[in-house]
Amino acid sequence: MDLKFNEMSMSNQPKEEKHVKVLIIGSGPAGFSAALYAARGNLDPVVLTGNELGGQVSLTYTVENYPGFPEGVGGQELGELFQKQAEKFGAIVEFDTAISVDLSQRPFTITTENAIYKAETLIVATGATPFHLDVPGEVNLTGKGVSYCATCDGWFFKEKDVIVVGGGDSALEESLFLTRYVKSITIVHRRDELRAGAILQKRAKAEPKIKFAWNTVITEVLGNDKVEAVLLKDVVTGNIRKEKTDGVFIFIGHQPNTQIFLGQLELDDHSYLKTNALMQTNIPGVFVAGEAGDSNYRQVVTSAGMGAAAAMQAIRFLEAQNEG
Ligand code: NAP
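Read in order, the letters of the sequence shown correspond to residues 0 to 323 in numbering that gives the first Met the number 0.
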């Protein structure tokens, strides 16, 4: 066993150095799908779970748009099933978080809280984190009326009154999607002008189910087991009022979890990893899957598909190097 004594783990023990053919950072649908495919390719992949085992889907109450589950499946349960299936074929799951990477040469060096990995290939499946409002009630009521995904949760708000927060393309596009189900939508925006593009603005303003609360922010989400109301503050007058609602959809942007790759992997203007149809990055042997490189679809099924594709590319890459 190689030990590197100048690097110490959290427990002040020297960090163990581990050599792996495929290292996967992230344990959401993309990460576990990649692990399943790489494991079935006999590559003994290691998955670093990060702090959020299962990724964003684990925070979703029920997933009804993942094929194969006609009755729906709990988000957390789906994450556990992904993990179980990958482990069945030999994927190794480490409850560990990558702290830094050195991708300047192969094997790539990934330093985690507990170890140093030397990886022949790397699959980045670190996902993205929706921005939160950071107001009281938001965290407690997530999955109980507070949502960050209309495609996932819109169905549960049939004939309900909901609030959407944000003034960008996502807020308007998701509001238009929600009109299929809900009775009414109030878009709460902190300014009196939308950031979204002109076409979406025109469509949203013409939609009879949508009304706007301008210059307004949510200061608290109220409810015990489910969302019942919000406190709204008019930022011009300072007035606070209580408004009853059945749901709060928050679309104020996403932060892709790509900070540790800065300066090594190419990012776009919104910090998503640049990739192509083959899941490649600018560094041969480093692949990306799921939301870290996808600002467009952001679905469990698309992320899982990208994970499978990234693993297939890693297998082909190693075969081409005669290392598979
Ligand atoms: P975005 O464009 O950054 O808009 C975020 C919105 O949330 C802004 O209106 C912002 O207000 C508001 N906001 C931010 N922080 C807030 C807070 N703490 N409290 C209240 N409001 C807050 O994000 P996005 O809509 O997710 O879009 C991200 C990118 O994807 C954009 O480039 C967008 O064009 C693109 N996108 C495109 C499409 C499409 O073309 N169909 C669909 C979705 C997304 P301010 O306006 O005051 O800053």
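Every residue, glycine too, gets a C-beta built ideally from N, C-alpha and C.
Spell out the partners DSSP gives residue i in its beta bridges.
| i | result |
| --- | --- |
| V46 | I23, V92 |
| I239 | K232 |
| F286 | I122, Q279 |
| P255 | A127 |
| V62 | V72 |
| L261 | In DSSP, L261 forms no bridge with anything. |
| L266 | L272 |
Give a single yes or no on whether residue i has its beta carbon closer than 6 Å to a heavy atom of ligand 1.
| i | result |
| --- | --- |
| S174 | no |
| T297 | For the sequence presented, residue 297 should be read as Arg rather than Thr. R297 Cβ: outside cutoff for every heavy atom of ligand 1. |
| S146 | no |
| G292 | no |
| S270 | no |
| I251 | yes |
| D168 | yes |
| G136 | no |
| G30 | no |
| R190 | yes |
| R194 | yes |
| G165 | yes |
Could you please give the first and the last residue of the uninterrupted beta strand (DSSP E) stretch that includes residue i?
| i | result |
| --- | --- |
| V247 | 246 to 249 |
Using only CA atoms, which one of the options lies nearest to residue i?
| i | options | result |
| --- | --- | --- |
| N113 | E76, F94, P129 | F94 |
| P106 | A97, Y116, S99, I98 | Y116 |
| A308 | K20, P28, S146, P13 | P28 |
| L231 | G222, T218, K225, K243 | T218 |
| Y147 | K241, L266, A127 | A127 |
| K143 | L264, G78, N64, D224 | D224 |
| E242 | V72, K87, V163 | V163 |
| E265 | T236, Q279, Q254 | Q279 |
| E172 | R202, V145, Y180, R190 | R202 |
| N238 | N214, L221, F260, Q82 | N214 |
| R39 | A310, L177, E318, K14 | A310 |
| A170 | G306, F250, Y271, P44 | F250 |
| E318 | V21, K17, Q12, E15 | V21 |
| L80 | I98, G30, V123 | G30 |
| Q104 | T111, N295, A97, T120 | T120 |
| K14 | G153, I98, Y65 | I98 |
| Y296 | A313, Y271, F316 | Y271 |
| Q298 | N256, N50, P66 | P66 |
| I259 | V123, E86, Q82, Y36 | V123 |
| V187 | S174, S302, A197 | S174 |
| V314 | K17, H18, Q200, L42 | At residue 314 the sequence reads Ile, which differs from the Val that was named. Nearest of K17, H18, Q200, L42 to I314, Cα basis: L42. |
| K273 | Q254, S294, H253 | S294 |
Taking the alpha helix (DSSP H) that residue i falls in, what are its first and last residues?
| i | result |
| --- | --- |
| A29 | 28 to 39 |
| T274 | Where T274 is concerned, there is no enclosing alpha helix (DSSP H), given that its DSSP letter is neither H nor E. |
| A308 | 299 to 319 |
What runs of the alpha helix (DSSP H), each 4 residues or longer, lie entirely inside the region 145 to 221? 149 to 152, 168 to 177, 197 to 205
Along the chain, which unbroken stretches of the beta strand (DSSP E) at least 3 residues long are found entirely within the region 80 to 143? 91 to 93, 97 to 101, 107 to 111, 114 to 123, 127 to 129
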